[in-house]
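> Residue numbers (the working numbering), protein chains in the order written: chain A, 12 to 292; chain B, 12 to 292; chain C, 12 to 292; chain D, 12 to 292; chain E, 12 to 292. Cβ atoms here follow ideal geometry from the backbone N, Cα and C, with glycine treated the same way. Quick caveat: nothing in here was measured; it's all calculated off a predicted structure.
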Amino acid sequence: MASSPRGAERALYPVPLTLEGSSVLHQMLRFRWSEWRKCAPAARREVLGQSAPVLQPLESAQTAAYSMLGHKAGDLMLIHFRDSFDALKQVELDLASTPLWDFVEPVRSYVSVVELGLYESSVKLFRSLQERGIDPNTPEWNKEVEATMERQREAMKGRLYPEIPKARYVSFYPMDRRRGEEKNWYTLPIEERQRQMDLHGMIGRRWAGKVRQIITGSIGFDDWEWGVDLFADDPLVFKRLIYEMRFDEVSAVYALFGSFVVGVRCPVSQLGELLEGKLPR
Amino acid sequence: MASSPRGAERALYPVPLTLEGSSVLHQMLRFRWSEWRKCAPAARREVLGQSAPVLQPLESAQTAAYSMLGHKAGDLMLIHFRDSFDALKQVELDLASTPLWDFVEPVRSYVSVVELGLYESSVKLFRSLQERGIDPNTPEWNKEVEATMERQREAMKGRLYPEIPKARYVSFYPMDRRRGEEKNWYTLPIEERQRQMDLHGMIGRRWAGKVRQIITGSIGFDDWEWGVDLFADDPLVFKRLIYEMRFDEVSAVYALFGSFVVGVRCPVSQLGELLEGKLPR
Amino acid sequence: MASSPRGAERALYPVPLTLEGSSVLHQMLRFRWSEWRKCAPAARREVLGQSAPVLQPLESAQTAAYSMLGHKAGDLMLIHFRDSFDALKQVELDLASTPLWDFVEPVRSYVSVVELGLYESSVKLFRSLQERGIDPNTPEWNKEVEATMERQREAMKGRLYPEIPKARYVSFYPMDRRRGEEKNWYTLPIEERQRQMDLHGMIGRRWAGKVRQIITGSIGFDDWEWGVDLFADDPLVFKRLIYEMRFDEVSAVYALFGSFVVGVRCPVSQLGELLEGKLPR
Amino acid sequence: MASSPRGAERALYPVPLTLEGSSVLHQMLRFRWSEWRKCAPAARREVLGQSAPVLQPLESAQTAAYSMLGHKAGDLMLIHFRDSFDALKQVELDLASTPLWDFVEPVRSYVSVVELGLYESSVKLFRSLQERGIDPNTPEWNKEVEATMERQREAMKGRLYPEIPKARYVSFYPMDRRRGEEKNWYTLPIEERQRQMDLHGMIGRRWAGKVRQIITGSIGFDDWEWGVDLFADDPLVFKRLIYEMRFDEVSAVYALFGSFVVGVRCPVSQLGELLEGKLPR
Amino acid sequence: MASSPRGAERALYPVPLTLEGSSVLHQMLRFRWSEWRKCAPAARREVLGQSAPVLQPLESAQTAAYSMLGHKAGDLMLIHFRDSFDALKQVELDLASTPLWDFVEPVRSYVSVVELGLYESSVKLFRSLQERGIDPNTPEWNKEVEATMERQREAMKGRLYPEIPKARYVSFYPMDRRRGEEKNWYTLPIEERQRQMDLHGMIGRRWAGKVRQIITGSIGFDDWEWGVDLFADDPLVFKRLIYEMRFDEVSAVYALFGSFVVGVRCPVSQLGELLEGKLPR
């Protein structure tokens with residue numbers, strides 16, 4: 012096992028330090044076009060007007076709406092970033108109480124929290140603690156760990172509680188790290204995982220400026236271990252970046268992917284326009 | 012095979028002693044918000060009033076209600092702890108007869124019983140019986156086993172028939188032990204399983220106070236071997252605990268997980284409030 | 012291959028003798044409680060009254076009804092044992108023609124026939140035929156095989172055409188024998204399979220009196236190779252028996268399981284009571 | 012790779028000659044019994060009468076109807092053998108235009124063409140061409156291949172464009188050849204595949220007279236590589252034949268099976284009777 | 012790892028140059044025949060007439076309609092080739108706003124872009140850059156790569172933005188390259204992948220004239236890595252080509268296939284005819 016001594020040398024503690032930020036909900040919704048078509052213009056205006064008190068404040072509260080391609084994610088995806096699960100649940104309840112929701116049915120969803128895995132700091136800290144003879148999960152260990160976490164939490168505030176990027180396109184997918192009978196991410200030593208994540212991060216950095224990536228963790232909350240949102244003004248960037256990463260060891264060997272969905276940003280203020288069949292530009 | 016002699020040494024009996032307690036049903040339910048919105052306030056009150064005789068006694072009979080995040084577990088999860096499968100079935104029938112159930116449809120469910128696996132006692136007892144030359148499943152073996160079980164059943168009464176923890180958040184997931192072509196939990200010697208479970212338990216103990224875990228067994232009753240409920244006042248604890256455990260040998264190599272769902276406790280007395288769109292605080 | 016000579020010694024014929032008995036259909040049905048609640052007591056009585064000519068004779072014709080826990084098997088499971096597939100299909104048609112079936116929708120089903128695998132007799136017979144120099148599938152072989160089958164068919168009539176046990180609880184699940192890339196039941200020599208099945212049977216025999224097991228074969232008829240019904244007056248027996256068997260080589264390595272469902276017997280004469288929300292005692 | 016030279020000896024061309032015949036569509040349909048029950052006898056007669064011009068010619072145009080056991084294949088399966096995909100599509104459109112189709116909804120389907128794999132002729136021909144120094148896919152190779160195909164096509168006309176057997180029972184299932192990481196049918200040399208198929212065929216021949224088998228190929232058309240229809244007057248024959256074959260190397264190691272469904276033949280002329288709840292004898 | 016030095020020799024950069032062209036949407040739609048049958052001829056004409064302004068321009072804007080066999084892809088598949096995801100989304104919205112869409116429900120869909128993988132040019136270029144001592148992802152590397160891409164983009168314009176072939180039949184399927192624990196496409200050196208793709212392409216070229224193939228990439232957009240459309244005037248060509256390719260190393264070992272669907276071209280101008288039940292010839 013990764014956490015037990017091997018020969019003379021002891022393995023480092025296997026669990027990387029991990030920071031959490033905003034609570035995130037992806038709602039993928041089918042729109043009942045048939046029912047909507049049956050409504051006269053005045054009735055549509057009434058539905059939208061009565062729903063406005065819930066809809067209008069959404070965007071400034073960090074909700075983004077996307078018009079989705081294909082049918083797998085329904086017609087509309089809402090991404091909500093909030094400060095807590097309670098706030099996420101409340102926005103679900105608020106939306107469910109609007110008359111617009113008579114025209115909406117849930118197709119998929121994803122519950123997660125913004126996550127930063129501190130592989131580099133972890134290896135550095137664990138090595139130093141080991142050299143100082145401090146054992147994992149002792150009070151001294153915990154104190155040092157908490158201090159590092161606190162420092163990083165402060166330094167990375169902006170990335171832990173990000174604004175949703177304004178980019179026109181979004182690609183979302185969930186993923187796991189493989190736990191196969193032969194190839195198992197969770198039994199690799201932390202230094203090896205750190206090495207692979209580092210190489211992986213280098214690819215990401217080359218794409219900075221063209222695409223924003225927000226990783227959210229969903230262990231304990233949803234079907235996969237992580238959710239990934241990519242935001243870009245050119246949707247081909249999603250394909251190129253992910254394809255390039257697929258040849259990277261950590262993805263080639265240890266990544267398992269769920270469904271990918273792609274959509275076009277629709278400012279909430281233009282939802283009415285979208286529901287008249289016009290894709291906002 | 013694990014149960015046949017190897018060289019001079021005989022393997023211990025492979026099946027751990029296991030205690031069962033409360034019968035448990037998880038009901039995950041979609042709420043028909045559209046239909047509910049069509050009801051005038053008076054009609055809603057009538058529905059709730061006519062359903063009250065079934066709903067009100069639920070909580071004291073060990074039923075907890077949760078407002079679920081995302082759509083996978085529907086809108087509402089009820090966890091029922093009862094003394095028997097008959098009592099579980101009766102509560103299902105009682106709920107199905109309320110007018111509120113016109114607004115409810117089943118999405119998922121899980122049937123199980125509270126379970127305590129006595130790996131440590133098992134290995135100790137089986138070793139001692141083996142040393143005394145007592146063979147498995149002989150009358151003398153059975154007598155000793157039954158005596159140990161009885162003692163433990165008495166000592167662990169509180170954990171076998173627990174009250175549902177009052178914590179604000181719940182995370183539920185089903186799991187299996189892997190029976191792969193190479194890595195197979197069920198062919199490991201019991202001492203090796205005991206060793207791994209023991210390390211696993213040590214992680215759990217470090218989290219005591221922050222999270223309550225109730226393991227239920229579902230072999231013979233539902234699609235997975237076990238169901239796990241975690242209860243905590245901070246939902247991030249679910250993610251941190253499960254992530255840490257994932258690096259532990261028994262989880263890293265031998266655990267297969269189903270869907271994870273997460274929800275916010277809603278006292279049954281405040282269900283009406285929830286159905287008005289207000290998340291109880 | 013298992014059936015070709017290895018060195019000087021020839022392998023035994025790999026296919027075990029197998030007897031078939033009753034044709035069996037499991038119907039798992041969701042009950043439309045909402046629609047039922049809309050019916051006045053008189054209307055319900057009429058529905059039940061008009062359905063009675065089909066329902067009443069069911070039990071004596073070897074149909075058992077169960078009120079199912081959770082939602083996976085719907086609300087109701089009917090197990091029909093009949094003499095032929097035609098008789099099974101006719102009971103399906105008869106039920107579909109009752110007014111009660113307006114309140115019922117199919118959720119799952121399983122088609123199979125009672126099966127007894129004669130591993131012990133097979134090995135004994137095949138060995139003796141081999142010693143006498145009789146080759147598989149020659150007329151002489153076929154004659155001897157048919158004679159053994161006939162004898163066993165007569166001796167096991169009661170088990171081939173059983174009455175449905177009166178026990179209060181049922182657990183049903185389908186299963187396959189593994190055909191993995193490494194571990195493949197169907198390429199094991201018949202003597203090895205017989206050895207494993209024999210050990211497996213010994214566990215079953217220790218549970219006799221507490222649980223009745225009926226194995227049905229579904230190769231060619233349904234999605235899995237076998238269906239297993241367990242009948243007991245204490246549902247915990249299902250869990251304990253199956254858990255114990257899971258450590259047995261033939262299950263640990265070679266068994267793949269489908270969904271498990273569990274229910275409470277409801278005499279057909281008390282179906283009306285059940286539909287009023289009272290679980291028959 | 013199977014198609015590249017190994018040492019001094021060159022491998023035979025790996026793709027077996029394959030003949031195609033009738034285009035085949037399996038339609039599995041749920042019947043809306045509730046809606047049907049609401050129709051008065053006169054209305055039912057009208058529905059059937061108006062649908063008769065489409066239904067009556069079906070059987071002589073090589074369509075067979077089956078009343079299916081269990082719910083997985085719905086209530087009714089239609090197997091259509093036609094001369095082309097256009098003719099199959101036209102029969103779908105014709106049926107969809109009948110008033111009877113208001114009571115029918117699609118559950119499953121399968122699109123394929125009758126196929127005969129000429130493993131024996133292929134190996135013989137490829138070996139002879141190799142000995143004559145003729146390379147695969149050269150004009151001379153193609154000429155010889157086409158000549159063999161043409162001869163076989165003529166000789167096997169009856170099997171390529173068969174009438175649907177009159178047997179009372181049908182069993183249908185789709186299947187693939189395994190392409191596992193270790194065991195991969197498509198990387199075996201053609202001689203080895205031919206050897207296994209030959210042994211497989213010998214089992215089939217022993218069952219001739221008791222069961223008719225029609226293999227259809229669906230690569231490029233549907234989810235699996237092949238569909239298999241078995242026709243017999245005793246449904247137990249399906250189980251016995253498939254079980255016996257499962258011990259045969261090509262099935263034990265290289266076959267992956269989809270869902271099996273089983274049904275009882277219902278002459279189209281007796282559909283009305285079936286819809287009155289009487290299984291035709 | 013494929014991208015790190017091995018002994019004295021350095022591996023080539025693993026990611027092949029890849030060009031993208033048209034944005035593509037496959038919409039698979041069930042037609043509500045029952046609802047349609049309820050419409051009088053005049054009402055049908057009105058529905059079609061009011062939908063005509065959206066439907067009529069479709070074909071010249073590179074949309075093709077197909078009447079699908081079986082039920083898996085619904086009744087109708089529309090393939091849209093457009094210049095951007097925005098244009099694809101707009102056509103979805105336009106169609107959803109027609110009265111004809113009251114009779115249509117989405118069954119499946121696929122989002123992708125036309126893709127050409129330049130394995131040969133990549134290996135040639137990367138080798139030459141390596142010999143000149145130019146490292147991957149340096150400005151000089153990027154300049155050379157961009158120059159090659161630009162040249163190829165120009166040369167292959169016709170294949171990147173193709174017209175939809177006029178052929179009568181289409182076969183569509185999604186696929187992945189295997190990332191198994193043993194066999195993993197993404198860890199093969201690029202020269203080995205190029206070698207296999209080259210052999211694969213040779214099969215394709217032998218079928219030129221009989222079938223047109225359009226490969227679209229969907230990494231980041233949909234559930235599989237690629238979508239493949241085959242167009243031919245004889246549907247058996249699909250089966251023969253794909254079957255032959257299945258014995259080719261790159262498919263035999265490294266291809267994972269999703270569902271295959273097959274359909275018959277229906278010019279948009281003849282949709283009305285199709286909806287009257289006549290398959291256009």
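If you draw a straight line from the C-alpha of Arg17 of chain D to the C-alpha of Pro200 of chain D, how long is it?
With a pLDDT of only 45 at Arg17 of chain D, under 50, the local geometry of the prediction cannot be trusted, and the value read off the model is given with reservation. Straight-line Cα distance between these residues: approximately 11 Å.
> In three-state DSSP terms, what is Glu287 of chain D?
Coil.
> Buried or exposed for Glu57 of chain D, please, with buried defined as at least 16 other CB atoms from any protein chain shown within 10 angstroms of its CB.
Exposed, since its Cβ has fewer than 16 Cβ neighbours within 10 Å.
> Identify every residue that forms a DSSP beta bridge with Met91 of chain A.
The sequence shown places His at residue 91 of chain A, rather than the Met named in the question. Beta-bridge pairing links His91 of chain A to A:Leu36, A:Thr74.
> At what residues does the beta strand (DSSP E) containing Tyr121 of chain C begin and finish?
Note, Tyr121 of chain C: beta strand (DSSP E), 115-128.
> Of all the alpha helix (DSSP H) runs that stay within the bounds of the region 182-254 of chain E, which reach a length of 4 or more residues?
If we require 4 residues or more, the alpha helix (DSSP H) runs fully inside the region 182-254 of chain E come out as 201-217.
> Check the Cβ-Cβ distances between Met12 of chain B and every residue of chain C, and say whether any is below 9 Å.
Only weak support exists for where Met12 of chain B lies, its pLDDT of 36 falling under 50; the value from the coordinates is given anyway. Taking Cβ atoms only, chain C reaches closer than 9 Å to Met12 of chain B, which makes this a yes.
> Between Val115 of chain A and Leu59 of chain A, is the Cβ-Cβ spacing less than 9 Å?
Taking 9 Å as the Cβ cut-off, Val115 of chain A and Leu59 of chain A do not qualify as a contacting pair.
> Among residues of its own chain, excluding the 5 on either side of Val125 of chain E, which ones have a beta-carbon nearer than 6 Å to its beta-carbon?
Result list for Val125 of chain E: Gly32, Ser33, Leu171, Thr227, in chain order.
> So is Glu113 of chain E in contact with chain A if we call contact Cβ pairs under 9 Å?
It should be pointed out that residue 113 of chain E corresponds to Asp in this sequence rather than to Glu. Asp113 of chain E counts as touching chain A.
> I want to see whether chain B comes within less than 9 Å of Glu192 of chain A, judged by CB atoms only; does it?
It does; some Cβ of chain B falls within 9 Å.
> Anyone know if the C-beta pair for Gly169 of chain A and Thr29 of chain A falls short of 9 Å?
Their beta carbons are not under 9 Å apart, which means Gly169 of chain A does not touch Thr29 of chain A by this criterion.
> Cα separation between Met103 of chain E and Gln38 of chain E?
The sequence given here has Glu at residue 103 of chain E, not Met. Each residue's alpha carbon lies about 9 Å from the other.
> Tell me, please, whether the CB atom of Pro25 of chain B is closer than 9 Å to any CB atom in chain C?
Yes, Pro25 of chain B lies at the interface with chain C (some Cβ there is under 9 Å from its Cβ).
> Under 8 Å Cβ to Cβ from Ser15 of chain B, same chain only, skipping five residues before and after it: list those, please.
Confidence at Ser15 of chain B is low in this model, with a pLDDT of 45, below 50, so the placement of that residue should be treated as unreliable; the coordinate-derived value is given next. Excluding residues within five positions, the ones whose Cβ falls inside 8 Å are Ala22.
> Going by C-alpha distance, which of B:Gly283, B:Trp44, B:Val261 is nearest Gln67 of chain B?
The option with the nearest alpha carbon to Gln67 of chain B is B:Gly283.
> For Asp234 of chain D, is the classification buried or exposed, using 16 other Cβ atoms within 10 angstroms of its Cβ as the cut-off for buried?
Answer is buried; the Cβ neighbour count reaches 16.
> Identify the contact partners of Lys339 of chain C in chain D, using a Cβ-Cβ distance below 8 Å as the criterion.
The requested residue 339 of chain C does not occur in the structure, where chain C is confined to residues 12 to 292.
> Can you pull out the residues from the region 120-149 of chain B whose beta carbon lies closer than 8 Å to at least one beta carbon of chain A?
So nothing in the stretch comes that close.
> Is the CB-CB distance between Val156 of chain E and Asp240 of chain E below 9 Å?
Taking 9 Å as the Cβ cut-off, Val156 of chain E and Asp240 of chain E do not qualify as a contacting pair.
> Is it a yes or a no for the region 243-251 of chain E touching the region 266-284 of chain A, going by three-plus beta-carbon pairs under 8 Å?
With the cut-off at 8 Å, the region 243-251 of chain E and the region 266-284 of chain A do not touch.
> Determine the chain A residues that contact Leu89 of chain E at a beta-carbon separation under 8 Å, and present them in chain order.
By Cβ distance, chain A contributes nothing, its closest Cβ being about 12 Å from Leu89 of chain E, past 8 Å.
> On the three-state DSSP scale, how would you describe Leu66 of chain A?
Three-state DSSP puts Leu66 of chain A in a helix.
> Around the C-beta of Asp86 of chain B, are 16 or more other C-beta atoms found within 10 angstroms, so that it is buried, or is it exposed?
Buried, by the Cβ-count rule.
> May I ask you to list the residues that DSSP assigns as paired with Tyr180 of chain C?
Paired residues: C:Ala243, C:Val275.
> With DSSP run on the structure shown, which of helix, strand or coil describes Leu28 of chain A?
Residue state, collapsed to three classes: coil.
> Closer than 7 Å between beta carbons: that is the criterion. Which residues of the region 223-245 of chain E meet it against chain A?
Listed by position, the residues of the region 223-245 of chain E near chain A (Cβ gap below 7 Å) are Gly228, Ile230, Gly231, Phe232, Asp233, Asp234.
> To the nearest angstrom, report how far apart Glu70 of chain E and Arg190 of chain D are at their CA atoms.
Looking at the two C-alpha atoms, the distance is approximately 40 Å.
> Using CA coordinates, which residue listed in E:Lys194, E:Leu267, E:Ala158 is at the minimum distance from Leu136 of chain E?
Among E:Lys194, E:Leu267, E:Ala158, the Cα nearest to that of Leu136 of chain E is on E:Ala158.
> Taking C-beta pairs closer than 9 Å, name the residues in chain A that Glu202 of chain B reaches, listed in chain order.
Ordered by position in chain A, no residue passes the 9 Å Cβ test against Glu202 of chain B, which lies about 16 Å from the chain.
> Hey, how far is the Cα of Ala19 of chain B from the Cα of Trp196 of chain A?
Residue confidence for Ala19 of chain B is low, a pLDDT of 48 falling below 50, so the modelled location carries little weight and cannot support an answer.
> Is the Cβ-Cβ distance between Ser108 of chain C and Glu203 of chain D less than 9 Å?
Not in contact: Ser108 of chain C and Glu203 of chain D (Cβ atoms no closer than 9 Å).
> Going by CA-CA distance only, name the one from C:Leu80, C:Asp146, C:Ala84, C:Pro291 that's closest to Pro25 of chain C.
Considering only alpha carbons, the answer is C:Asp146.
> Given a limit of 8 Å on CB to CB distance, which residues of the region 45-60 of chain D reach chain C?
Residues passing the 8 Å Cβ filter: Ser45, Arg48.
> Spell out the partners DSSP gives Phe268 of chain C in its beta bridges.
Per DSSP, C:Met186.
> Check the Cβ of Lys100 of chain E against every Cβ in chain A and list those closer than 9 Å, keeping chain order.
Neighbours of Lys100 of chain E on chain A, chain order: Ser78, Met79, Leu80, Gly274, Val275, Leu290.
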